[in-house]
Every structure is written in C-alpha cells, then in structure tokens.
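Notes follow once the structure below has been shown.
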Amino acid sequence: MNLVDINSDGPVEYPPTEELSAPASEGAGCPTRRKWRTLSDTDKQAYISAVLCLQNATSTLAPNTNHTAYDDFPWIHSHVGYATHNSAPFLPWHRYFLHIYETALKDKCGYTGRLVYWDWTLDFEALEHSPVFDPETGFGGDGEIGGAITVGRSGRCVVDGPFAGTHVNFYDVKFEPHCLSRGFRDLEGNLGHMDGKDISPESIETVLSIDGYEDFVAAMESKVHDAIPFGIAGDFETFTAPYDPIFFLHHTQLDRLWWLWQQRQPGRGLESYSGHKGRHSIEMASLDDDLHYKGLGPDVKVKDVMDIENELLCYRY
C-alpha cells in the first residue's frame with residue numbers, strides 16, 4: 005500500500021461520576037482498563053514510552069517506507085474507519101480498532117499494561133486543565149499560544165510534553181507534513197478553552213438512559229464523541245485524529261460508556277445492535293456484518309466484539 009498516493013467524522017437526581025459503573029459479570033480473569041488519572045507516574049510513563057516507541061516502529065501496512073507503525077492508525081481510520089461514522093458500526097469498529105492498537109503497543113514495543121481511558125466527566129468544567137494535558141505526566145497541552153496556524157481553524161504546534169514536535173504526515177486525506185497540532189477552542193470560537201456541557205455526568209447519564217442502540221449510538225457520536233475533537237481541534241478535528249495520542253484515551257472512554265450501556269440492556273446488550281450498515285449505506289445493520297481493517301488487523305464480525313470479556317478481546321472496565 006502506497007501511503008502517499010491518495011485518490012481518495014421536578015429535577016432529576018444524577019449519580020456522581022464514580023457511580024457510573026456496571027455490575028460485575030463473568031470474565032473476572034480479564035485485565036482491567038483503568039482511567040488515566042489513577043495511574044502511577046511510573047505506569048503513565050510506561051504507556052507514553054510505548055506510544056513513542058510505536059511512532060518509530062516499522063509500519064505493518066508499508067514496511068519498506070519511512071512510515072511508522074503509528075502512522076498506520078490514522079491512515080486506516082481516515083480511509084476505512086470514516087465510513088463507520090454516523091452509522092451503526094461506529095462503536096464496534098472502534099472497539100476492535102482499539103484492540104489492534106493495544107496489541108501493537110504490546111507486540112512492537114513490549115508494553116505490558118492495558119489501554120487507559122480519559123474520564124472527561126471529571127474534567128468537564130475545565131477540560132483544558134485535565135491531567136491528560138500535563139506536560140510532565142501527560143500528553144502535553146494546547147498548541148503554541150500566538151503561534152502560526154498549522155492546520156484547520158486553530159491548530160498550532162504542540163510545544164510541551166513528550167509529543168512536542170511530533171512529525172505528522174497527513175491531515176485528513178491530504179499528504180500535508182506538519183507538527184502535531186492542537187488549538188483548544190469553545191463553541192463560540194474562544195481560544196484556550198473547551199466546552200464540556202455534553203460530557204458532564206448529567207449529560208452522560210441521559211445518554212446512557214436511551215432505549216435502543218440506533219438512538220444511543222447517534223447520541224454518543226453527535227454529542228459525546230464530538231465534544232473532544234471539536235474542543236481540542238488541530239489534528240483531532242479530522243479523520244486522521246489518531247495522530248493525536250489522546251484519541252485513544254478518548255475512544256477507550258467511549259468504549260467504556262458503550263459497555264456501561266450494554267449492561268443495562270437485556271442479555272447484557274450482546275444483541276442490542278441496529279441502524280444503518282455504514283455512513284453511505286441504506287442497508288440495515290446486522291450482527292453478522294464484517295468490520296474491515298485492510299491489513300492492519302484481521303477483519304471480524306460485529307458479533308465478535310459485542311462482549312468485551314470474550315476470548316478475542318478479554319478486558320474489563
């Protein structure tokens with residue numbers, strides 16, 4: 005695959021965030037994915053080191069080029085994963101995409117931990133001050149204040165933290181080399197701040213209370229998911245969003261919320277799946293539909309990833 009030759013996102017009482025959890029189920033032997041803020045500094049550094057390693061490891065898709073194993077993920081997301089947005093496979097496709105990423109961290113970089121999630125419900129009132137943006141124990145912060153716009157509406161070079169100066173090859177489907185860029189902005193366009201109203205504990209509980217998968221996944225994407233890409237902006241604002249390592253913490257949190265929703269459904273939600281088959285499809289979705297990864301990992305069926313504690317996935321939250 006040539007990665008450069010491209011031809012072608014009364015009042016109600018709500019529980020506190022820490023109570024947004026599901027009952028225990030079988031699969032107790034599966035490892036647990038933890039929230040970022042609960043990791044020790046040593047564990048945080050181990051995760052970050054594995055990501056930095058992946059940015060220098062040999063590409064699976066184009067091993068004889070200067071593209072890296074990390075480049076594979078924004079490439080596949082922008083050329084395959086984009087088609088799952090605004091449709092039923094949005095959540096299951098990303099669930100297995102995360103699994104492939106976790107496997108790459110282990111196999112290519114010797115990472116012994118598990119994926120971690122950013123529980124932004126704890127930060128929604130001041131997202132820009134979240135521990136994930138810490139320059140010492142996190143992923144660095146906003147793009148350079150007053151710096152030149154590199155990509156998008158407000159993207160500017162990230163200048164602190166372990167990913168400062170990271171080279172990025174693509175911006176969406178264009179070969180457009182630049183620095184890893186962020187440009188925090190709120191819905192009014194004010195720089196340096198982000199809106200968290202759609203990811204507050206109350207907003208999340210409202211989404212988790214939705215009946216029916218089709219309505220649930222629509223709310224998850226248009227409200228919950230979109231709050232972070234539009235807030236961080238820069239590289240995160242396009243289908244090459246995986247260039248920003250925070251993408252994987254964000255989507256692991258979305259996966260966790262889907263899992264929480266599943267626990268509220270009959271039969272743990274293992275057959276709760278409906279809607280359209282793809283972004284541009286009029287066909288209705290089925291558990292037997294294939295999820296494609298074009299060589300980054302094996303193709304699987306939706307039904308294969310409905311249970312996170314099965315033999316294929318085997319993890320818990």
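Each number in our numbering corresponds to the 1-based position in the sequence shown with 4 added. Each residue gets a CB set at the ideal place from its N, CA and C atoms; glycine is no exception. Quantities reported herein were computed from a predicted structural model and do not represent experimental measurements.
Proximity below 7 Å, CB of residue i to CB of residue j
i           : j           : result
residue 306 : residue 291 : yes
residue 278 : residue 218 : yes
residue 56  : residue 73  : no
residue 304 : residue 100 : yes
residue 222 : residue 211 : no
residue 121 : residue 257 : yes
residue 320 : residue 36  : yes
Identity of the residue in the options nearest residue i by Cα
i           : options               : result
residue 216 : 207, 265 and 235      : 265
residue 251 : 263, 235 and 262      : 235
residue 200 : 155, 227, 186 and 289 : 227
residue 80  : 143, 300 and 312      : 300
residue 151 : 55, 195 and 260       : 195
residue 328 : 127, 283 and 267      : No statement about residue 328 is possible, as the shown extent of the chain runs from 5 to 321 and does not include it.
residue 41  : 136, 65 and 238       : 136
residue 184 : 93, 66, 78 and 267    : 78
residue 69  : 173, 112, 90 and 126  : 173
Rounded separation between residue i and residue j - CA only
i           : j           : result
residue 131 : residue 61  : 32 Å
residue 273 : residue 311 : 9 Å
residue 263 : residue 232 : 20 Å
residue 220 : residue 97  : 16 Å
residue 149 : residue 160 : 8 Å
residue 287 : residue 49  : 45 Å
residue 175 : residue 143 : 20 Å
residue 237 : residue 156 : 8 Å
residue 302 : residue 230 : 28 Å
residue 51  : residue 117 : 7 Å
Where the beta strand (DSSP E) through residue i begins and ends
i           : result
residue 313 : Here residue 313 belongs to no beta strand (DSSP E), and DSSP marks it neither H nor E.
residue 174 : 171 to 175
Endpoints, alpha helix (DSSP H) assigned at residue i
i           : result
residue 296 : Neither: residue 296 is in no alpha helix (DSSP H) and is coded neither H nor E.
residue 34  : Looking at the DSSP string, residue 34 is not in any alpha helix (DSSP H), and its letter there is neither H nor E.
Contact with chain B by residue i, beta-carbon distance below 7 Å
i           : result
residue 295 : No chain B is part of this structure, which consists of one protein chain only.
Local Cβ density within 10 Å of residue i, reported as buried at 16 or more and exposed below that
i          : result
residue 75 : buried
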